[in-house]
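**Student:** Count along the sequence shown from 1, then add 915; that gives the number in our numbering.
By construction, the Cβ of each residue, glycine as well, lies at the ideal position given by its N, Cα and C atoms.
The model shown is predicted, which means the values in this text are computed figures rather than measured ones.
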Amino acid sequence: MNSRILRKIIKKFNELRNPECKAKTLKNKDDEIVVEFTGSVASYSCCFDEHFEDLRYLIEDKSNLKFFIEEVNRKDEDKFIVKYKIKN
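Given below as structure tokens:
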């Protein structure tokens, strides 16, 4: 995915969600994006995973590509790593 576009998307997401949730790009390949999510509600919110979907929608809206969440890993009490893949 275009790095400049992804940076703008992540910046916009963080403006809307921080401090409850903050996204950081860890990997950006042609067909895969890996994002770290941290935040003040990650450890106790029952709906924290909705942020993962919200970011996916933002990416799709701005890139005209379709993505799906391939993997979600909880790395710490307040940290998740989410892998997005382009739909074929």
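(1) Less than 8 Å between the beta carbons of V950 and V987, yes or no?
(2) Determine the burial state of Y972: buried for a count of at least 16 other Cβ atoms within 10 Å of its Cβ, exposed for fewer.
(3) How about K1000 and D946: are their beta carbons less than 8 Å apart?
(4) Which runs of the beta strand (DSSP E), 3 residues or longer, sit entirely within the stretch 919 to 960?
(5) Buried or exposed for K970, going by 16 or more other Cβ atoms inside 10 Å?
(6) Output yes or no for whether 8 Å exceeds the beta carbon distance between H966 and F983.
(7) Does DSSP classify R975 as helix, strand or coil?
(8) Relative to the C-alpha of L921, which residue among G954, C962, A938 and D991 is closest?
(9) Which value, in whole angstroms, describes the spacing of the CA atoms of I924 and N979?
**Tutor:** In short:
(1) no
(2) exposed
(3) yes
(4) 937 to 943 and 947 to 953
(5) Lys is not the amino acid found at residue 970; the sequence shown has Leu there. That one is buried.
(6) no
(7) Strictly speaking, residue 975 in this sequence is Glu, with Arg absent from that position. Reduced to three states, the DSSP call for E975 is helix.
(8) A938
(9) 13 Å
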